[in-house]
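For the sequence shown, the UniProt record's numbering gives the first residue as 466, with consecutive numbering after it.
In what follows, a single structure is set out as structure tokens and then discussed.
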Amino acid sequence: ATPTSIMVGTGRAAEMGVLFRKGDALQMLQESGVVALDKTGTLTAGRPALTDLILAEGMDETDVLRMVAAVERNSEHPIAEAIVAAAEERGVSLPEVNSFTSITGFGVKAQIEGRDVLIGADRLMTREGLDLGDLAAHSSTLASKGKTPLYAAIDGQVAAVIAVADPIKPTTPQAIKALHSLGLKVAMITGDNQVTAEAIAEELGIDHVVAEVLPQGKVAALESLSADGGKLAFVGDGINDAPALAAADVGVAIGTGTDVAIEAADVVLMSGDLLGVVNAIDVSQQTMRNIR
Ligand code: ADP
Ligand code: MG
């Protein structure tokens, strides 16, 4: 590519709200065969809401919700915000908690009024040796609908399954179709439940899913996709995405995401949606085609 054609391409992209921070990203993007997308905040709005609360035998809904929300008030995860918001809507008052601990990629725990409260993915419950009982079937059904199921345990007894759902951004389906028409394969990388991720991928026509990825595992997940051929682009928005944004051939940050993600990226999308990625690839393909 000549410096002039790169400049023209970068300028055209900027008019569409796509900022190329590195000149060679335009060329790399044109050579991309796979676009891997972070799920939460990239494919989805990143604002989940509580949809279901299913109790184990003998549990009281308000009691479970007040304890769970009290613990989640100390977490910054979007899942935590959804649970706290649901408790507030129902006017439940939240007790004080002690010894709050966040177990990254698994969930959270704390003590309330002398009781141990644990909230998180099924792998957290399994890790603690807890029996999921009848709630496992409910959890599977919720996940197959694309909702994220979480377990709450009190004093070592699984007390409830709570589901949250994060709406898909309105432009995501259109963007995935356009990526396919530009000849790319589309993958999803997420820390979320495998079944949930597969349900969402199926709905969107996503070709490949890597789920239940721990925050420190995103780079390895990305590398597992690079065998598919061509260069690899990764799109993300969170602090957790920064290493993968730096490791990808082309790292694309959602402009409404965190500063850490933006700093690690080669390309920044000013708008919060994935049509920006489509524009970026479109411009890169046209720029490179013109100079051959
Ligand atoms: P993602 O951003 O893709 O959700 P995370 O690594 O942040 O990935 O979280 C992975 C999983 O860990 C979540 O899907 C959830 O099951 C569990 N988890 C994380 N934080 C919390 C929390 N505050 N409360 C309950 N579960 C949590
Ligand atoms: Mg995200």
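Think of the CB as a built atom: it goes at the ideal place given N, C-alpha and C, for glycine as much as any other residue.
Just so you know, these numbers come straight off a predicted model, no measurement behind them.
Item: Backbone CA spacing between A712 and D738 [nearest angstrom]; Value: 22 Å
Item: Assigned exposure category for T569 - 16 Cβ within 10 Å defines buried; Value: exposed
Item: Whole runs of the alpha helix (DSSP H) within the segment 600-641, excluding any shorter than 4 residues; Value: 600-609
Item: T504 in three-state terms, based on DSSP; Value: With the sequence shown as reference, residue 504 is identified as Lys, and Thr is not the correct amino acid for it. Residue state, collapsed to three classes: helix.
Item: Distance, G656 Cα to V549 Cα; Value: 21 Å
Item: Length of the line joining the Cα atoms of L515 and G488; Value: 43 Å
Item: V715 versus E667 - alpha carbon distance; Value: 25 Å
Item: Under the three-state DSSP convention, the category L484 falls into; Value: strand
Item: Same chain, Cβ closer than 8 Å to G511, five either side skipped, listed in chain order; Value: T505, P543, D631 and D702
Item: Straight-line gap, I746 to L491 (C-alpha atoms, nearest Å); Value: 8 Å
Item: Runs of beta strand (DSSP E) wholly within the segment 636-680 (minimum 3 residues, chain order); Value: 650-654 and 673-675
Item: For L518, the three-state DSSP class (helix, strand or coil); Value: strand
Item: Per-residue DSSP class, three states only, for N744; Value: helix
Item: 3 or more residues per run - each beta strand (DSSP E) lying fully within the segment 696-720; Value: 696-701 and 715-719
Item: Coil, strand or helix - G722 by DSSP; Value: coil
Item: V581 vs D620 beta-carbon contact at 7 Å; Value: Checking the sequence shown, residue 581 turns out to be Asp, not Val. Yes; because the gap between Cβ atoms is below 7 Å, this pair is in contact.
Item: Cβ distance (whole Å) where T475 is taken to contact F485 below 8 Å; Value: 5 Å
Item: Any non-hydrogen atom of the ligand MG within 6 Å of T507 CB; Value: yes
Item: Close Cβ partners of G720 (< 6 Å) along its chain, the five nearest in sequence each way excluded; Value: V733, L734 and M735
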